[in-house]
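Worksheet: the structure to be examined is printed underneath.
Residue numbers (the numbering used here): 110 to 754.
Structure below.
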């Protein structure tokens, strides 16, 4: 859309609250308008749904339900929904304003992303989807046009809940696909019935492949039914050039939903991929879509904005070509086709310059449009070079000259906190009072991505954290029945858990929770138990029973534990051995049959079994009997009398 001149006259106000500033475009489902929230004094985007969507009496109730659900869902990577209502033409949503543009606009400008940039975008999108899926919220329309960025390049997912409200509208097919978005749809969307978060994971994989290649998978297929039927049997083709990210994205593009990772698993897989990829360069943000001013006679049950502003703040004019560039503002609609304009690495500076010149010209030219007399000359002041100054001095300068200062927070490893490193307009610019000055202010060093340390040894985790310029201040031991001793269970910052993939300040101190292995076991008392019961007892506490030997006992029944090597109550590691000695019962000696033996032979036979001869009766040499008789049970050393007549 080409920027055109502001028309003189009042700007409409929606519901006595939102001053509509500029049209950002019209997509398949809505018009998007840049607006000022006059109550909370913030810039917002108003998405006004097309009247043709309201095809049944229940649509507004369904829309309000989904809007309310989206408004209660807050996440750093999801576009915030502030408000909703009905203009009379159709319902509208009020969301946060993002000036960085969409992934669609980035690709339309001719840019593609490096593997590390793809992983960054994928991580942030997967983080938002994972949080939504945990609340049973499914997006259903993940695509480059709903992946938006702020000026710092942080991603937000737009339109949560909107597709659900549109499911019965005239712009959806019988399977709930918003027309024009089927190129990013998962194959199961072609079948009746509900879908879950795995559908969003597939769509994100398609968008990330396009971000890397610049080509939409399935671009050559013009029939949605044909494309989705093909995807139902063939996995998404993921370029090997994506390196370590290829494997997890290939899983995300599986034709079978059961084989896809969850959004949480996708996030963890992408975090792992970062280990072999460098830090991503700054994204080539395309900026928001260029705008046209809102017509003063727009039918929205609107009021005159001039009723809410001081008399001198009337609408100015900027003719085409004055700024030299289109002025990108608001995102949310999807352009019909990609631009053929060459890509530029200076999009952000042009946006800042264009916005400043528009505001300056509007103030300087206001008398021309509200008066038929010769305009009064407006004093101008040279802006000068603000780069290198601290923000406090720049604020003072802006206050002295009546400039509107917009501070954009950025991070840099090369400048101190509070330093101004970029400015718009240029130092040579001559500005009037009320002109906009936009500066980039350093808030600290570039954030560093938290590496994956859970599952590493404590030393390995510390080395990995220190390689990312973090520090380890404590190592808290914790018993764990599963994690081996010496392995990290959890990483925390100030006692709170921290997940891999987060971007945080370098120098941040981590606490590592390190496993000490299983909880020590208390040795049970085994003496007096049978072998079988002793085995059950040690098994129940995670120890192992080892029977060393057996011994005779006059007091302990055979098969019962007589002694144990580890004292009862001792603390030992899980799996430790406890050795025991079991009783064989009394030491029984059986009287042998010595009948027919000589006295000498009979005596030797008794001694062999541990018995002794007590005497010989009869005076003969051949034994005819013994007392006790053969087979009697005696103890070792007991005496046996022989009879030899």
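The beta carbon of each residue, even a glycine, is placed where N, CA and C say it ideally should be.
Count the other CB atoms within 10 Å of the CB of residue i; is the residue buried (16 or more) or exposed (fewer)?
i, result
"residue 502", "exposed"
"residue 650", "exposed"
"residue 383", "buried"
"residue 578", "exposed"
"residue 433", "With a pLDDT of 31 at residue 433, under the threshold of 50, the modelled position of that residue is not reliable, and the figure given next carries that caveat. Burial call: exposed."
"residue 631", "exposed"
"residue 160", "exposed"
"residue 249", "buried"
"residue 319", "buried"
"residue 138", "buried"
"residue 200", "buried"
"residue 125", "exposed"
"residue 596", "buried"
"residue 132", "buried"
"residue 427", "Low confidence applies here, because residue 427 scores a pLDDT of 31, under 50, leaving its location unreliable and the question unanswered by this model."
"residue 591", "exposed"
"residue 481", "For residue 481, the pLDDT reaches just 33, beneath the cut-off of 50, and the residue's location in the model is therefore unreliable, although a value from the coordinates is still provided. Classification of residue 481: exposed, given that the 10 Å Cβ count is below 16."
"residue 510", "buried"
"residue 150", "exposed"
"residue 378", "buried"
"residue 306", "buried"
"residue 76", "One cannot answer for residue 76 here, as it falls past the ends of the chain, which runs 110 to 754."
"residue 539", "exposed"
"residue 368", "exposed"
"residue 226", "buried"
"residue 445", "In this prediction, residue 445 scores a pLDDT of 34, lower than 50, which makes its location untrustworthy; the coordinate-derived value is nonetheless stated afterwards. Classification for residue 445: exposed."
"residue 360", "buried"
"residue 572", "exposed"
"residue 123", "buried"
Less than 8 Å between the CB atoms is what I'm expecting for residue i and residue j, so what's the real figure, rounded?
i, j, result
"residue 546", "residue 512", "5 Å"
"residue 732", "residue 711", "5 Å"
"residue 665", "residue 654", "With 8 Å as the limit, residue 665 and residue 654 do not qualify as a contact, their Cβ atoms being about 18 Å apart."
"residue 633", "residue 701", "The pair is not a contact, with the Cβ atoms about 44 Å apart (cut-off 8 Å)."
"residue 520", "residue 543", "The pair is not a contact, with the Cβ atoms about 30 Å apart (cut-off 8 Å)."
"residue 613", "residue 562", "Not a contact, Cβ separation roughly 13 Å."
"residue 211", "residue 253", "6 Å"
"residue 637", "residue 670", "6 Å"
"residue 714", "residue 703", "5 Å"
Name the DSSP beta bridge partners of residue i, please?
i, result
"residue 225", "Residue 225 pairs with nothing; no bridge assigned."
"residue 614", "Its beta-bridge partners do not exist; DSSP assigns none."
"residue 692", "660"
"residue 606", "601"
"residue 673", "689"
"residue 258", "264"
"residue 755", "With the chain running from 110 to 754 in the structure shown, residue 755 is simply not present."
"residue 145", "128 and 152"
"residue 172", "Paired residue(s): none; residue 172 is not in a bridge."
"residue 683", "Answer is none; residue 683 lacks a bridge partner."
"residue 731", "707"
"residue 181", "Note: residue 181 sits in no beta bridge, so no partner."
"residue 654", "687"
"residue 139", "158"
"residue 531", "549"
"residue 621", "584 and 600"
"residue 187", "266"
"residue 211", "257"
"residue 736", "750"
"residue 637", "Its beta-bridge partners do not exist; DSSP assigns none."
Since residue i is in the alpha helix (DSSP H), which residue starts that stretch and which ends it?
i, result
"residue 311", "306-322"
"residue 377", "372-383"
"residue 712", "708-717"
"residue 501", "500-510"
"residue 369", "No alpha helix (DSSP H) holds residue 369; DSSP gives it neither H nor E."
"residue 515", "Here residue 515 belongs to no alpha helix (DSSP H); instead the beta strand (DSSP E) covers 513-519."
"residue 355", "355-361"
"residue 586", "Looking at the DSSP string, residue 586 is not in any alpha helix (DSSP H); the run it does join, the beta strand (DSSP E), is 580-587."
"residue 748", "Unbroken run through residue 748 is the beta strand (DSSP E), 748-752; no alpha helix (DSSP H)."
"residue 649", "640-649"
"residue 334", "333-340"
Starting from residue i, follow the beta strand (DSSP E) in both directions and report where the run begins and ends.
i, result
"residue 205", "200-205"
"residue 191", "190-195"
"residue 155", "151-158"
"residue 293", "Note, residue 293: premise wrong, no beta strand (DSSP E); not H, not E."
"residue 491", "489-491"
"residue 726", "721-726"
**OP:** Quick one: which unbroken alpha helix (DSSP H) runs of 4-plus residues sit fully inside the stretch 533-577? Chain order, please.
**Re:** If we require 4 residues or more, the alpha helix (DSSP H) runs fully inside the stretch 533-577 come out as 567-576.
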